[in-house]
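Here the working numbering is used: position 187 in the sequence shown is 187, and no number is missing along the way.
The structure appears right after this line, and notes come after that.
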Amino acid sequence: MAKHIQVHWRVLRPLLFLLTFLGLVTYYFYHRSRPPYQLYTTIATTETKESNKLIGNSRGHKYVKFKQLRGAGFNNQAQEILLYHHLALQTNRVYVYQPLIWRPRGEKAAVPLSAFMSGPTKGSINEEVFIQVCPEGEVTHVQLFSGDYETQWAHAKSVLEGNDRCVVVDDWIFNWNFLASSGTHSIWPTFQKYLANHFEWSSDVLRIVDRVQNALNFRNKPSSKDRDSYVALHLRRGDFEEHCRYLGETHTGFTTWATLPLISDSILPPTLDANNATSVMEHCYPSLYRTLDAITHQVRSRPHLRTIHILHDGAWDHPLVYLQYYKLREALMDSEWAEQAGWAGGPMHRVTQSADAPKVWGEGDWAVCVDVELARRAEVFIGNGYSSLSTQVVALRLGADSGRPEDVTLV
Ligand SMILES: *[C@@H]1O[C@H](CO)[C@@H](O)[C@H](O)[C@H]1NC(C)=O
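Pasting the structure below:
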């Protein structure tokens with residue numbers, strides 16, 4: 001009988017050990033990646049409090065609520081929110097903001113906007129308070145689509161300049177086709193100033209950026225003299241291969257600010273031909289050789305610039321991106337390769353990636369904002385004209401910071 005139990009024990013012990021181990025690993029990953037729900041609730045409550053305060057002393061205010069994108073990536077939503085907020089300010093209306101949708105957690109996973117950007121929520125009100133100040137009976141519903149991308153912005157402005165106190169826009173004007181068209185060009189002159197005056201990250205984002213810059217010894221603006229100046233490279237892979245093929249088939253060009261004439265000299269030759277699917281692929285999903293060419297173009301004659309930070313989307317569902325990162329790293333730190341590529345001053349001294357940024361548990365949602373801000377502050381930025389993250393970086397560098405287009409290369 002005793003022997004019998006012993007046999008069981010021998011089988012059970014490693015099994016129990018394995019189960020405990022798996023349990024601990026699951027617990028670790030669950031808690032590490034768990035968003036700070038309590039903080040989000042507090043922030044949402046503060047948003048409502050601030051919105052109520054604003055309507056309390058705001059006789060004569062006019063309001064506008066837009067039909068916004070729900071889902072897609074953070075930067076797709078952020079770019080649209082910034083355009084709508086700008087449009088509201090241009091037409092003297094209080095912007096009614098909506099939460100962001102955190103798609104990796106589902107179509108309904110809302111997170112409060114001011115946890116990420118505090119610009120668009122300042123002087124604005126949230127949806128909850130909008131319903132009180134503008135009950136449905138007092139709302140005027142409008143459509144803003146003009147039928148022509150070139151006149152879209154001007155037309156939207158003329159409609160919103162009307163006297164109706166509470167306006168709800170029922171159509172989605174800043175759709176993908178509009179954002180890839182030259183319709184955005186007429187917005188740029190004022191949008192540039194808007195970014196300089198109104199773009200603002202939340203204090204959480206800025207706190208993490210500071211910590212990361214300290215830890216990685218990155219300069220906090222190109223003009224300062226302490227710490228290392230660095231290149232930021234945005235390697236957009238992940239789900240992009242399939243997406244780029246689709247963009248090739250539909251003859252789609254670059255998005256938003258990458259289409260601006262002022263950035264056209266920053267595009268690594270050959271010129272994009274949206275009617276040629278091979279050309280679209282070349283720019284949208286560039287080979288690692290082409291990516292290295294873009295880096296060479298920027299650093300060959302800047303021997304002081306030997307630190308590069310690579311923002312990429314490698315994750316458990318896209319593990320091969322890490323492999324590409326290590327391939328790039330290998331080449332960039334190889335003196336023979338650097339010599340062949342004509343780099344005065346030798347290869348890169350330091351190659352880092354997004355994952356090297358020290359983050360505390362629960363900070364995962366902010367990683368994308370930290371990437372954008374680090375790329376904004378880099379001496380040189382190399383990005384992808386099809387990506388909303390890259391084009392957001394371009395807008396902040398050239399618009400908010402009056403940076404030089406020569407310091408940007410789009411592959
Ligand atoms: C299409 O683009 C590729 C890549 O740039 C180029 O090699 C090819 O000649 C182009 N084809 C045409 C018909 O222009």
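Glycine included, every Cβ here is placed at the ideal spot set by N, Cα and C.
Look up residue i in the DSSP assignment and say whether it is helix, strand or coil.
i: Trp201; result: strand
i: Cys369; result: helix
i: Thr151; result: helix
i: Arg376; result: helix
i: Phe130; result: helix
i: Leu305; result: coil
i: Thr455; result: Residue 455 lies beyond the stretch modelled for the chain, which goes from 1 to 411, so this question has no answer here.
i: Thr121; result: coil
i: Ala110; result: strand
i: Leu292; result: helix
i: Val94; result: strand
i: Val360; result: coil
i: Asp228; result: strand
i: Leu100; result: strand
Give the DSSP bridge partners of residue i, in chain order.
i: Ile43; result: Answer is none; Ile43 lacks a bridge partner.
i: Gly383; result: Leu410
i: Leu311; result: His234
i: Asp273; result: Answer is none; Asp273 lacks a bridge partner.
i: Asp334; result: Asp334 pairs with nothing; no bridge assigned.
i: Ala250; result: Per the sequence presented here, residue 250 reads as Thr, with Ala not at that position. Beta-bridge pairing links Thr250 to no other residue.
i: Val280; result: Note: Val280 sits in no beta bridge, so no partner.
i: Thr259; result: BP columns for Thr259 are empty, so no partner.
i: Thr140; result: Val167
i: His318; result: Ala315
Here's the rule I'm using: 16 or more other beta-carbon atoms within 10 Å means buried, otherwise exposed. How should residue i be labelled?
i: Gln353; result: buried
i: Thr313; result: For clarity, residue 313 is Asp in the given sequence; the question names Thr instead. With 16 or more other Cβ atoms within 10 Å, it is buried.
i: Lys436; result: The question about residue 436 has no answer, for the chain in this structure spans 1 to 411.
i: Asn76; result: buried
i: His31; result: exposed
i: Ile131; result: exposed
i: Tyr149; result: buried
i: Asn126; result: buried
i: Asp265; result: exposed
i: Trp366; result: buried
i: Tyr84; result: buried
i: Phe191; result: buried
i: Ala344; result: exposed
i: Tyr285; result: buried
i: Leu247; result: buried
i: Tyr230; result: buried
i: Arg306; result: buried
i: Asp210; result: exposed
i: Val133; result: buried
i: Gly119; result: buried
i: Thr356; result: Reading off the sequence, residue 356 comes out as Asp, not Thr. Exposed.
i: Ala78; result: buried
Pocket of ligand 1 defined by Cβ to heavy atom distance under 7 Å:
Pro270, Asp273, Asn276, Thr278, Ser279, Glu282
Mind listing, in chain order, the continuous beta strand (DSSP E) runs of no fewer than 3 residues lying wholly within the region 157–224?
166–169
Along the chain, which unbroken stretches of the alpha helix (DSSP H) at least 4 residues long are found entirely within the region 22–90?
37–56, 74–90
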